[in-house]
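Contents: one structure, followed by commentary.
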Amino acid sequence: MYDQLVNKQAKLAVIGLGYVGLPIALEFARRIEVIGFDINAKRVEMMRNHVDPSGELVAADFDGCDIKFTDSLDVLREATFFIVAVPTPIDEHAQPDLRPLLGASSSVGKVLKKGDYVVFESTVYPGCTEDDCIPVMEKHSGLSFANGDFKVGYSPERINPGDKEHTLSSIIKVVAGCDAESLEDIAKTYELVVKAGVHRASSIKVAEAAKIIENTQRDVNIALMNELSMIFDRMNINTYEVLEAAGTKWNFLKFSPGLVGGHCIGVDPYYLTYKAKELGYDAKVILSGRTTNDNMGAYIARKTVQMIIKKGKDVAKSRVLVMGATFKENVEDIRNSKVADVIQELKNYSVNVDIVDPHADSDELFHEYGFRLTPAAEVRTDYDAVVVAVGHQPYTEHDEAYFQSITNDDAVLVDIKGLFRGKVQEMQYWSL
Numbered sequence: 016m017y018d019q020l021v022n023k024q025a026k027l028a029v030i031g032l033g034y035v036g037l038p039i040a041l042e043f044a045r046r047i048e049v050i051g052f053d054i055n056a057k058r059v060e061m062m063r064n065h066v067d068p069s070g071e072l073v074a075a076d077f078d079g080c081d082i083k084f085t086d087s088l089d090v091l092r093e094a095t096f097f098i099v100a101v102p103t104p105i106d107e108h109a110q111p112d113l114r115p116l117l118g119a120s121s122s123v124g125k126v127l128k129k130g131d132y133v134v135f136e137s138t139v140y141p142g143c144t145e146d147d148c149i150p151v152m153e154k155h156s157g158l159s160f161a162n163g164d165f166k167v168g169y170s171p172e173r174i175n176p177g178d179k180e181h182t183l184s185s186i187i188k189v190v191a192g193c194d195a196e197s198l199e200d201i202a203k204t205y206e207l208v209v210k211a212g213v214h215r216a217s218s219i220k221v222a223e224a225a226k227i228i229e230n231t232q233r234d235v236n237i238a239l240m241n242e243l244s245m246i247f248d249r250m251n252i253n254t255y256e257v258l259e260a261a262g263t264k265w266n267f268l269k270f271s272p273g274l275v276g277g278h279c280i281g282v283d284p285y286y287l288t289y290k291a292k293e294l295g296y297d298a299k300v301i302l303s304g305r306t307t308n309d310n311m312g313a314y315i316a317r318k319t320v321q322m323i324i325k326k327g328k329d330v331a332k333s334r335v336l337v338m339g340a341t342f343k344e345n346v347e348d349i350r351n352s353k354v355a356d357v358i359q360e361l362k363n364y365s366v367n368v369d370i371v372d373p374h375a376d377s378d379e380l381f382h383e384y385g386f387r388l389t390p391a392a393e394v395r396t397d398y399d400a401v402v403v404a405v406g407h408q409p410y411t412e413h414d415e416a417y418f419q420s421i422t423n424d425d426a427v428l429v430d431i432k433g434l435f436r437g438k439v440q441e442m443q444y445w446s447l
């Protein structure tokens, strides 16, 4: 398969062209023929015009790429090596929502031919590729995986939105196959685009598990930092100063407190705990971390309200400006943004809330969370508190004078990520 791809006797297809799939598709398209498939026709048309719907890439990133964007299964059928990179969210009950993944498996199954390869990149619990995806592909293709009609592999995505340093080609890629032959073919194929090299996992389940614990580990450690922050706040100790001091030890793990949202760290652990429960094990540590992190938005809002009350102000008449609405800095993505929890809790206290964000889309925020951005011309000069919720690059350029210019007397600056620690002298300042 690898030789056919390199000699352009076969085509590679990427299914799902979001923040993970599109960079992969374009990187491969600089070396081999690629089909970029997405079920959203509007997004497909944007990419044909060299526009990234996720806002991560610029037009120049499409230059020199041998790629055909499509939403047609007839076009997808031309490929023989398929990479599935669709989202794996959770539902309202924090249970895995496999509909996008199984839908993609169905689409691949309808075009699958004998000898084809299918590699999944979507984050799942160990066993999902073999137990859930393969049967769907067999059903729609009429082929038998057990008889070797097609090969399957897994290579977990490691794309970090907004990160221009750790890109696809510079991060070691974990790869796994269903047998020795597929493992080698898949590894050599990814080595075309991953300069950092690949790590050959012993099985698909090992590769799936490796991905799921990457974000679970981060989630649990951030939860510890958040819990420490709440404890230190009661002691009137700044958490970031504590972390700086502790960080002087060579083996201290450098995590910091904050809101944990998005479609990775705040979601992936639930896939692991779901599978653990299915196997009769209650993942207490992981779920405890999730509970702590999921409650941080409400905690920050309550702390903000408490400080407003201590200023002798009427909460119902107070106004708060929340700066940032995306799930992390310097991205447009609002999925599972925990800033929404801060805003909703503030509104539960009858606080008047304005929201600004240089990256987020107001209509998308309204559709997802029920609030819109405040136009720049309507930003006031009499806020009782400002909550810097996301560390967007433009916000880092502000100083105390700026915050004083948009607030009234005795205002509060809540700096979730500690961007302005040590830089605010006159205003009341608080951070995690």
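Take the numbering used here: the last position of the sequence shown gets the number 447, and nothing is skipped along the way.
Virtual Cβ for every residue (Gly too), placed ideally from N, Cα, C.
Nothing here was measured: the structure is a model prediction, and the numbers come from that model.
As assigned by DSSP and simplified to three states, the class of residue i
i	result
T396	coil
P272	coil
A404	coil
D14	Residue 14 is absent from the structure shown; the chain starts at 16 and stops at 447.
D425	strand
R215	strand
M61	helix
K442	It is Met, not Lys, that sits at residue 442 in the sequence shown. Coil.
M451	Past the boundaries of the shown model lies residue 451; the chain is included only from 16 to 447, so the question cannot be answered.
R436	coil
G312	helix
V139	coil
T254	helix
K188	strand
P111	strand
R249	helix
V221	helix
Sequence-distant residues of the same chain with beta carbon closer than 8 Å to residue i, five excluded per side
i	result
A211	S184, S185, I186, I187 and K188
R58	L32 and P68
E242	T307
G47	The sequence shown places Ile at residue 47, not Gly. So the list reads L20, V21, K23, K26, L27, D81 and L207, once near-sequence residues are dropped.
V66	A74
Residue j beta carbon less than 8 Å from that of residue i
i	j	result
V357	V401	no
S69	A100	no
F96	L27	yes
Y398	N363	no
Y417	M338	no
I403	S365	Rather than Ile, the amino acid found at residue 403 in this sequence is Val. Contact: no.
E123	I30	Checking the displayed sequence, the identity of residue 123 turns out to be Val instead of Glu. Yes, they are a contact pair.
N236	L258	no
C193	I228	no
Same chain, Cβ closer than 6 Å to residue i, five either side skipped, listed in chain order
i	result
P115	V101 and P102
C279	N230
H374	T341 and E347
K226	T138 and P171
D106	D112
A238	G304, T307 and N308
Burial state of residue i (16 or more Cβ within 10 Å)
i	result
G437	exposed
K166	buried
V394	exposed
M62	buried
T306	exposed
Y286	buried
H407	buried
G262	exposed
S87	exposed
L158	buried
P111	buried
D297	exposed
R173	buried
D200	buried
A316	buried
P390	exposed
D89	exposed
K129	exposed
Cβ distance (whole Å) where residue i is taken to contact residue j below 8 Å
i	j	result
F381	I370	The pair is not a contact, with the Cβ atoms about 11 Å apart (cut-off 8 Å).
A161	A191	About 18 Å separates the two Cβ atoms, so there is no contact after all.
G168	V134	4 Å
L207	F43	7 Å
E223	T319	That belief does not hold up - the Cβ atoms of E223 and T319 are roughly 40 Å apart, past 8 Å.
L447	G273	6 Å
Q448	V427	Nothing in the structure corresponds to residue 448, since the chain is present only between 16 and 447.
Cβ neighbours of residue i in the same chain (closer than 7 Å, five flanking residues each side left out)
i	result
V368	V335, V337, I358, L361 and K362
E93	K26 and I50
P104	D112, H278 and V282
T288	A298, I301 and L302
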